[in-house]
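Undergrad:
Numbering (our numbering), first residue to last: 4 to 205.
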């Protein structure tokens with residue numbers, strides 16, 4: 004049991020960091036790209052709003068659905084949906100159009116999917132690690148989110164001066180795919196049955 008808990012935490016942290024940091028880098032780089040292309044701080048601000056607003060508006064909905072639906076499925080579907088969505092956006096960007104509305108749409112959809120991912124991950128932590136390791140896992144979860152919010156803009160700014168925009172999309176596609184694979188390997192319901200038994204005994 005102890006080994007499985009450690010394995011769950013390691014896989015969880017790797018997936019969380021990969022997905023959230025990739026998203027943070029991508030979001031900031033997209034904003035810089037739009038700013039450099041249009042010279043408009045308003046367009047840059049719109050990008051930031053489209054990244055943050057869905058989280059604010061949809062977090063209660065995502066939390067409610069996470070309590071009712073299979074959290075592992077939500078997490079896995081969200082990860083791979085983000086990867087597939089970015090593949091579609093990358094193909095459209097390279098082959099069809101490079102207009103700003105495409106990047107706006109990409110940012111908004113990614114933010115929506117990430118909202119459901121984050122809500123499901125947070126609510127699944129207890130069943131993944133149990134009561135004795137819950138505080139540690141929650142701290143690591145928060146540390147991953149905080150680190151990505153700091154490192155994302157820094158790395159996004161550095162990478163923006165080096166790589167083309169399509170490379171950022173490829174990085175995020177890889178990040179979401181890796182996160183999805185790690186999620187497949189995690190036993191999210193490790194403590195679910197014990198929790199049910201405790202409720203019955205109570």
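Just so you know, even glycine gets a beta-carbon here, dropped at the ideal spot from N, CA and C. Nothing here was measured: the structure is a model prediction, and the numbers come from that model.
Measuring CA to CA, which of 193, 155, 9 is closest to residue 33?
TA: The shortest C-alpha separation from residue 33 is found at 155.
Undergrad: Using a Cβ-Cβ cutoff of less than 8 Å, which residues in the same chain neighbour residue 173 once the five nearest sequence positions on both sides are dropped?
TA: Cβ within range, chain order: 93.
Undergrad: CA-CA distance, residue 26 and residue 5?
TA: The straight-line gap from Cα to Cα measures roughly 31 Å.
Undergrad: Could you check how far apart the C-beta atoms of residue 175 and residue 89 are, in whole angstroms? I think they sit under 8 Å.
TA: Confirmed, Cβ separation roughly 5 Å.
Undergrad: How would you call residue 57, buried or exposed, if buried means at least 16 neighbouring beta carbons within 10 angstroms?
TA: Looking at its Cβ environment, which holds 16 or more other Cβ atoms inside 10 Å, residue 57 is buried.
Undergrad: Enumerate in chain order the residues of its own chain whose CB-to-CB distance from residue 203 is below 6 Å, with the five nearest sequence positions on each side excluded.
TA: In this prediction, residue 203 has a pLDDT of 45, which is less than 50 and means its spatial position is unreliable; what the coordinates show is noted afterwards. Cβ neighbours of residue 203 beyond the five flanking positions: none.
Undergrad: Can you check the stretch 30-105 for any alpha helix (DSSP H) of at least 4 residues that lies completely inside it and give the ranges in chain order?
TA: Segments of the alpha helix (DSSP H) lying fully in the stretch 30-105: 44-71, 74-98.
Undergrad: Going by C-alpha distance, which of 24, 19, 188, 35 is nearest residue 167?
TA: It is 35 whose Cα lies nearest to the Cα of residue 167.
Undergrad: Apart from the five residues just before and just after residue 46, which ones in its own chain have a Cβ nearer than 8 Å to its Cβ?
TA: Counting only Cβ-Cβ distances below 8 Å, and skipping sequence neighbours, we find 37, 38, 103.
Undergrad: Give me the residue from 59, 8, 28, 29 with the minimum Cα distance to residue 119.
TA: When each option's Cα is compared against that of residue 119, the closest is 59.
Undergrad: How close, in whole Å, do the beta carbons of residue 48 and residue 178 come, if the pair is a contact with beta carbons under 8 Å?
TA: Incorrect: roughly 25 Å between the Cβ atoms, too far for contact.
Undergrad: Tell me the residue span of the alpha helix (DSSP H) that contains residue 174.
TA: Here the alpha helix (DSSP H) through residue 174 covers 168-188.
Undergrad: With burial defined as no fewer than 16 other Cβ atoms inside 10 Å of the residue's Cβ, what is the status of residue 188: buried or exposed?
TA: Per the 10 Å Cβ criterion, exposed.
Undergrad: Roughly how many angstroms lie between the CA atoms of residue 111 and residue 30, to the nearest whole one?
TA: Their backbone Cα atoms lie some 10 Å apart in a straight line.
Undergrad: Tell me the rounded alpha-carbon separation between residue 66 and residue 81.
TA: Rounded to the nearest angstrom, the two C-alpha atoms are 14 Å apart.
Undergrad: List the endpoints of the continuous alpha helix (DSSP H) containing residue 144.
TA: Counting along the chain, the alpha helix (DSSP H) containing residue 144 begins and ends at 137-163.
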